[in-house]
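Colleague: Have a look at this one before I ask anything.
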Ligand SMILES: [Fe+2]
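What follows is the structure, given as structure tokens:
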């Protein structure tokens, strides 16, 4: 009898798992989460329809809701983003994905942000960041040594108790088999996203992303990339950011986490080619742009608005290409001197406080400092690579005098923590290895990022 019971239990359990694997391709993944709403993303098998997501408070199982679906319809993959609404701030929720025949096919949990503004000091919190994720696929990879490294870094990151993950671009690498077709632009993220080693991490915290060249198009792709509209659609289908540029253009957006505003910039959509002339007749070429007039105008307004909000202590500007590297051997903002000068002057003239840049792309991590004449110094924190090939400092870049900290030849991710009272808030930046070991760290206080009166 006991054997029969055991068989029944095992059969039921294995059947449940089979059900799940039959319907879900990847996810669930948490997306944009704020005080009273949250997004949950999932990719289902192509023929799976009629799935719904229900949720309730952990402390009150009767307080249930059914999520709203925003289906990103595309010809190639079955991705759904659910929006959970009418939530309470600082509250734990559980959710269930339910199939059309009423079976639970996935579960997860989330916590909403706190309503602390005008009430208390901002909560301490941390987020993770990283760039350059390459999963090997030998038939389509370049011959020779595999480019993708040890992906157990994601198992380590899934165990972190951070509030969210910021993907800093090159989050997947389109290859020749991908970037010449619309189908390929969906096939690559679908292939990478379903890696078993990613699944726990996707569920463990909200994910926000920007792209760089490899998840937008081919190497060093610029605004002329002919499939950019499809690439934007694929990006929207695979992430759950708050918004994606304006109208039908670009993917830039902004979100707030406690006392930090995060500006996610699109460094590809409007980009002039990197090899276009930087200067004409000895003057910065006004037509050479990395972000474009429309996006820069948006950023300026968003920064001034943010600067007048007393509840915001730090302003993170995140983008793929490095922002302050004067060596400019590879992709970086300094190769666009007209836009660079305009942005730095704007930050100084408008006394925008608490600005720190976060970038990726380089296959090494570093912090670059640039002093300004009449303002606090600017810092560019580059976090790279998560799993792609590593880079070693060499040539003229070996001893970059602006480098405050450098990590080469190592896969790594970054943990950024905000600690302390509002008047004396600190940002701590830790670079961690594949097993979570601390490689190096650096910190700065909000007082050091204040403009002179
Ligand atoms: Fe890149």
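In my numbering, the protein residues as written are 118 to 570. Glycine included, C-beta positions come from ideal geometry on N, C-alpha and C. All values reported here derive from a predicted model rather than from experimental measurement.
1) Any heavy atom of ligand 1 within a distance shorter than 7 Å of the CB on residue 491?
2) Residue 547 bridges to which residues according to DSSP?
3) Which residues in the same chain as residue 204 place their Cβ atom closer than 7 Å to its Cβ, once the five residues preceding and following it in sequence are excluded?
4) Say the cut is 7 Å; is the CB of residue 331 nearer than that to a heavy atom of ligand 1?
5) With H, G and I counted as helix, E and B as strand and the rest as coil, what does DSSP make of residue 118?
6) What is the DSSP secondary structure of residue 294, counted as helix, strand or coil?
7) With three or more beta-carbon pairs closer than 8 Å as the criterion, would you say the stretch 305 to 314 touches the stretch 211 to 222?
8) Can you check whether the CB of residue 408 is closer than 8 Å to the CB of residue 387?
9) Could you tell me the alpha carbon to alpha carbon distance between residue 451 and residue 202, rounded to whole angstroms?
10) Ligand 1 and residue 287: does the residue's C-beta get closer than 7 Å to at least one heavy atom of that ligand?
11) In terms of residues, what are the limits of the beta strand (DSSP E) holding residue 198?
12) Quick one: does the C-beta of residue 309 sit closer than 7 Å to a heavy atom of ligand 1?
13) When you compare only the Cα positions, how much space is there between residue 562 and residue 535?
14) Less than 8 Å between the CB atoms is what I'm expecting for residue 428 and residue 376, so what's the real figure, rounded?
15) Mind checking which residues open and close the beta strand (DSSP E) that includes residue 378?
16) In chain order, what residues of the same chain lie with their CB nearer than 6 Å to the CB of residue 474, ignoring the 5 residues before and after it?
17) Pop quiz: residue 521 and residue 246 are said to be a contact at Cβ under 8 Å. What is the actual Cβ separation, rounded to whole angstroms?
18) Measure the Cβ-Cβ separation of residue 448 and residue 337 and say whether it is below 8 Å.
19) Please state if the CB of residue 457 and the CB of residue 566 are separated by a distance shorter than 8 Å.
20) Helix, strand or coil for residue 343? Go by DSSP, reduced to three states.
21) Would you tell me roughly how many angstroms separate the C-alpha atoms of residue 297 and residue 480, rounded to the nearest one?
22) For residue 567, which of helix, strand or coil comes out of DSSP?
23) For residue 286, which option in 415, 557, 335 and 437 has the closest C-alpha, if you only look at C-alpha atoms?
24) Do residue 111 and ligand 1 come close, with the Cβ less than 7 Å from some heavy atom?
25) Under 8 Å Cβ to Cβ from residue 234, same chain only, skipping five residues before and after it: list those, please.
26) When the Cα atoms are used, what is the spatial distance from residue 354 to residue 412?
27) Helix, strand or coil for residue 349 per DSSP?
28) Of the choices 541, 531 and 559, whose alpha-carbon is the least far from that of residue 548?
29) Assuming contact is defined by CB atoms lying nearer than 8 Å, are residue 486 and residue 519 in contact in what I supplied?
30) Measuring alpha carbon to alpha carbon, tell me which residue in 171, 331 and 390 is nearest residue 341.
31) With which residues is residue 214 paired in a DSSP beta bridge?
32) Quick check: the stretch 179 to 190 against the stretch 142 to 149, are there 3 or more CB pairs under 8 Å?
33) So what's residue 512 in DSSP terms, helix, strand or just coil?
34) Name the DSSP bridge partner or partners of residue 284?
35) If you draw a straight line from the alpha carbon of residue 550 to that of residue 269, how long is it in whole angstroms?
Modeller: Reading from the atomic positions:
1) For residue 491, the shortest separation between its Cβ and any heavy atom of ligand 1 does not lie below 7 Å.
2) Beta-bridge analysis with DSSP links residue 547 to 532 and 558.
3) Closer than 7 Å at Cβ, skipping near neighbours: 153, 154, 155, 210 and 229.
4) Answer for residue 331: yes, Cβ within range of ligand 1.
5) With a pLDDT of only 41 at residue 118, under the threshold of 50, the placement of this residue in the model should not be trusted; the figure read from the coordinates follows. Of the three classes helix, strand and coil, the one that applies to residue 118 here is coil, per DSSP.
6) In the three-state reduction of the DSSP assignment, residue 294 falls in the helix class.
7) Taking 8 Å as the limit for Cβ pairs, the verdict is that the stretch 211 to 222 does not touch the stretch 305 to 314.
8) At a Cβ-Cβ threshold of 8 Å, residue 387 and residue 408 count as neighbours.
9) Our two residues, residue 451 and residue 202, have alpha carbons roughly 43 Å apart in a direct line.
10) Residue side-chain check: residue 287 places its Cβ nearer than 7 Å to a non-hydrogen atom of ligand 1.
11) Where residue 198 is concerned, the enclosing beta strand (DSSP E) stretches over 195 to 201.
12) Outside the cutoff, so no.
13) If you take the alpha carbons of residue 562 and residue 535, they lie about 9 Å apart.
14) Confirmed, Cβ separation roughly 6 Å.
15) Looking at the DSSP string, the run of the beta strand (DSSP E) that includes residue 378 is 377 to 381.
16) 434, 440 and 497.
17) Not really, about 17 Å apart at Cβ, beyond 8 Å.
18) Cβ atoms of residue 448 and residue 337: closer than 8 Å.
19) Cβ atoms of residue 566 and residue 457: not closer than 8 Å.
20) Looking at residue 343 - three-state DSSP - the assignment turns out to be coil, as it is neither helix nor strand.
21) Whole-angstrom Cα-Cα distance: 25 Å.
22) In the three-state scheme derived from DSSP, where H, G and I count as helix and E and B as strand, residue 567 is classed as coil.
23) Nearest of 415, 557, 335 and 437 to residue 286, Cα basis: 437.
24) No information on residue 111 is available, as it lies outside the stretch 118 to 570 that the chain covers here.
25) So the list reads 428, once near-sequence residues are dropped.
26) Approximately 22 Å between the Cα atoms of the pair.
27) Here residue 349 sits in helix by DSSP.
28) Residue 548 has its Cα closest to that of 531, out of 541, 531 and 559.
29) Going by C-beta atoms, residue 486 is nearer than 8 Å to residue 519.
30) Selected option, being the one with the closest Cα: 390.
31) Residue 214 has 170 and 223 as its beta-bridge partners, per DSSP.
32) Here the stretch 179 to 190 makes no contact with the stretch 142 to 149; the two share fewer than three CB pairs at distances below 8 Å.
33) Helix, per DSSP.
34) In the DSSP output, where bridge partners are listed per residue, residue 284 has 247 and 326.
35) Taken atom to atom, the span from the alpha-carbon of residue 550 to that of residue 269 is near 10 Å.
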